[in-house]
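In the numbering used here, the protein residues as written are 1005 to 1177. Every residue gets a Cβ at the ideal spot worked out from N, C-alpha and C, and that includes glycine. Keep in mind it's a predicted model, so treat the numbers as computed, not measured. See structure below.
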């Protein structure tokens, strides 16, 4: 399957109260994941969702539509209603890598081999243990200082920030 983009290097900017994070995508290595992220962003799917999981020395995670809900127990369990087949590649989970998260298909199930349809994470440190197990589909090329601010916020016992960090995602093709 070949995905055609209007521009050779599609990009997205995640706007937060701490500033902007700009992502460069890897359409050659993960075409379905890039297309999915861009399509959801263009639909406004990510707008108002939060970074619902922040783990110092590891990742910040967002993209769950249920993170808009006040019930924090739901955060991290939602998606767009479909899952993506993984697109493992040789891109490493280094600091700044953008990768697709995996979430349970049912609230009491174990993690599935398929990727979430919307939840993604940004590595704040190298995490080679995730290589070829999760789909890296982009990288932060501007705004790692913003990522560092997000991962440093106070959080609860589930690594959910005490004060919501909402996002708006804008695509530039």
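May I ask you to report which of helix, strand or coil DSSP gives residue i?
i	result
residue 1218	The displayed coordinates of the chain run from 1005 to 1177. Any statement about residue 1218 would go beyond what the structure contains.
residue 1016	strand
residue 1106	coil
residue 1077	helix
residue 1161	coil
residue 1095	coil
residue 1134	helix
residue 1112	Any reading at residue 1112 needs caution, since the residue's pLDDT is 48, under 50, leaving its predicted position unreliable; the model's value is listed next. Residue 1112 falls in the coil class under three-state DSSP.
residue 1045	helix
residue 1063	strand
residue 1140	strand
residue 1169	coil
residue 1021	coil
Got a sec? Which residues, its chain only, sit under 6 Å from residue i by beta carbon, not counting five neighbours each side?
i	result
residue 1016	1027, 1045, 1173 and 1175
residue 1167	none
residue 1055	1064, 1066, 1154 and 1169
residue 1180	Given that the chain is displayed from residue 1005 to residue 1177, the structure contains no residue 1180 and the question cannot be resolved.
residue 1010	Confidence at residue 1010 is low in this model, with a pLDDT of 49, below 50, so the placement of that residue should be treated as unreliable; the coordinate-derived value is given next. Result list for residue 1010: 1177, in chain order.
Can you tell which of the options has its C-alpha closest to the C-alpha of residue i?
i	options	result
residue 1120	1020, 1150, 1059 and 1069	1069
residue 1088	1014, 1039 and 1127	1039
residue 1171	1090, 1018 and 1014	1018
residue 1093	1051, 1086 and 1034	1034
residue 1163	1060, 1049, 1013 and 1146	1060
residue 1025	1149, 1130 and 1031	1149
Distance, Cα to Cα, residue i vs residue j?
i	j	result
residue 1099	residue 1106	19 Å
residue 997	residue 1122	The shown model of the chain, from 1005 to 1177, leaves out residue 997, and the question about it has no answer.
residue 1135	residue 1074	33 Å
residue 1177	residue 1029	10 Å
residue 1020	residue 1144	14 Å
residue 1062	residue 1072	23 Å
residue 1043	residue 1096	24 Å
residue 1076	residue 1058	14 Å
residue 1101	residue 1132	11 Å
residue 1023	residue 1086	30 Å
residue 1032	residue 1048	24 Å
residue 1104	residue 1078	19 Å
residue 1014	residue 1051	19 Å
Check whether the Cβ of residue i sits closer than 7 Å to any heavy atom of the ligand NAD, and report yes or no.
i	result
residue 1066	In the structure shown, the ligand NAD is absent, as is every other ligand, since no ligand is present at all.
Which same chain residues, not among the five before or five after residue i, have their C-beta less than 8 Å away from its C-beta?
i	result
residue 1152	1128
residue 1146	1024, 1025 and 1026
Please work out which residues of its chain come closer than 7 Å, Cβ to Cβ, to residue i, disregarding the five sequence neighbours upstream and downstream, and give them in chain order.
i	result
residue 1125	1063, 1064, 1065, 1103 and 1105
Touching or not, the region 1128-1140 and the region 1070-1087, by the rule of three or more beta carbon pairs under 8 Å?
no
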